[in-house]
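Undergrad: What the first sequence shows, in our numbering, is residues 13 to 244, in sequence order.
Positions of the beta carbon are idealized from the N, C-alpha and C atoms, including for glycine.
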Amino acid sequence: MEPAKIFQGNIQEALNQPWPQTVDAARKIQEQLRSQVIRDDGFSTVQYVAGVDVGFEDNYRITKAAVAVLRYPSLELVERAIARIPTTFPYIPGFLSFREIPALLQALQKLNTIPDLILCDGQGFAHPRRFGIACHLGVLLDVPAIGVAKSRLIGTHEELAAEKGSWQSLWDKEERVGAILRSRANVKPLYISIGHKISLETAINWVLRCTPKYRLPETTRLADRFASAREG
DNA sequence: GCGACAG
DNA sequence: ATCTTGTCGC
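1. Under DSSP, the alpha helix (DSSP H) around Glu243 begins and ends at which residues?
2. Could you tell me which uninterrupted beta strand (DSSP E) segments, each at least 3 residues in length, are contained entirely in the segment 73 to 98, listed from first to last along the chain?
3. Count the other CB atoms within 10 Å of the CB of Tyr10; is the residue buried (16 or more) or exposed (fewer)?
4. How big is the Cα-Cα spacing for Gly54 and Ile210?
5. Since I believe Val160 is in contact with Asn229 (beta carbons under 8 angstroms), could you give me their beta-carbon distance rounded to a whole number of angstroms?
6. According to DSSP, Phe68 sits in a beta bridge with which residue or residues?
7. Distance check for Ala115 and Phe68, CA to CA, integer angstroms please.
8. Would you identify the three-state DSSP class for Thr168, choosing helix, strand or coil?
9. What span of residues does the beta strand (DSSP E) with Arg188 cover, start to end?
10. Taking the DSSP output, what are the residues bridged to Ile321?
11. Name the DSSP beta bridge partners of Cys132, please?
12. For Asp154, which residues in the same chain have their Cβ closer than 7 angstroms to its Cβ, ignoring the five residues on either side in sequence?
13. Report yes or no: do three or more beta-carbon pairs, one from the segment 234 to 241 and one from the segment 70 to 81, lie closer than 8 angstroms?
14. In the DSSP assignment, the alpha helix (DSSP H) including Asp36 goes from what residue to what residue?
15. Would DSSP call Asp184 helix, strand or coil?
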């Protein structure tokens, strides 16, 4: 079966599953699915890199998801998709994926181009139960994914040098759960963690490859723009 | 019990 | 996340 069929099949299967209505049910899903996370590199060639993000409309009643697919290494926009659905889950730290993934799946379903790698807005493995949104989306789609967060959810770290490209491990007790990365000189670091089918070292390198100029990767910048645009 | 807390 | 203009700094 061709990749496109598998990708669309995974999305359809995920959409057919009942979505949790309580935090307890959501926690059980996290604890069940987290064993499926693959922490090693499970890909070779990367032709398409995608960024995903969500925004809200109508006083948070509508969740608007956006996907931007860029060609690598040119980082030019190849395709974009938008989806709007009613918001069904509140924002609770540690359960972000249950608020954002339903809309993201509907946007991803509209793609004609299958991403080889997805950069998510939020944590992956750097999560209380090691199953942030990048892990959740990566496992559901079975596509390599990276968590790129703008702020900290958990973890501690050493001082970070000011130069672009410098990074430090992010620790939760004795376990390394991710890294903080200076994606641009003298700006607040990014919180990087693996999502699925990728190692932390490879994830850091891909974030840098997708971040030629600004603090955020081009993928997330574009997805951000599409998710927040009043039009579209 | 008291803070911390992705988007 | 979102409401919002100008403004300070490299």
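TA: So, from the data block:
1. In the first sequence, residue 243 corresponds to position 231, counting from 1. For Glu243, no alpha helix (DSSP H) encloses it, and the DSSP letter there is neither H nor E.
2. Scanning the segment 73 to 98 from its first residue to its last, the whole beta strand (DSSP E) runs of 3-plus residues come out as 74 to 83, 89 to 98.
3. The chain is shown from 13 up to 244; residue 10 falls before or after that span and cannot be answered.
4. Taking the first residue of the first sequence as 1, we reach residue 54 at position 42. Taking the first residue of the first sequence as 1, we reach residue 210 at position 198. Computed Cα separation, rounded: 6 angstroms.
5. Along the first sequence, one-based indexing puts residue 229 at 217. Along the first sequence, one-based indexing puts residue 160 at 148. A small fix is needed here, since residue 229 is Pro in this sequence, not Asn. Separation of the CB atoms of Pro229 and Val160 is rounded to 6 angstroms, and the pair is thereby assigned contact status at 8 angstroms.
6. Mapped onto the first sequence, residue 68 falls at position 56. For Phe68, the beta-bridge partners assigned by DSSP are Thr75.
7. Here residue 68 refers to the residue found at position 56 of the first sequence. Here residue 115 refers to the residue found at position 103 of the first sequence. One C-alpha to the other measures close to 11 angstroms.
8. In the first sequence, the residue the question calls residue 168 occupies position 156. Here Thr168 sits in strand by DSSP.
9. Locating residue 188 in the first sequence gives position 176, counting from the first residue. Counting along the chain, the beta strand (DSSP E) containing Arg188 begins and ends at 187 to 193.
10. Shown here, the chain extends from 13 to 244; a query on residue 321 therefore has no answer.
11. For the purposes of this step, residue 132 is taken as residue 120 along the first sequence, with counting starting at 1. Note: Cys132 is bridge-paired with Val64, Gly159 in the DSSP secondary-structure output.
12. Counting from 1 along the first sequence, the entry for residue 154 is found at position 142. Excluding sequence positions up to five before and after Asp154, its CB lies within less than 7 angstroms of the CB of Asn22, all in the same chain and listed in chain order.
13. Contact between the segment 234 to 241 and the segment 70 to 81 is present, because at least three Cβ pairs lie under 8 angstroms.
14. Along the first sequence, read from residue 1 onward, the residue named residue 36 stands at position 24. Going by DSSP, Asp36 is part of the alpha helix (DSSP H) stretching over 35 to 45.
15. Position 172 of the first sequence holds residue 184. Strand, per DSSP.
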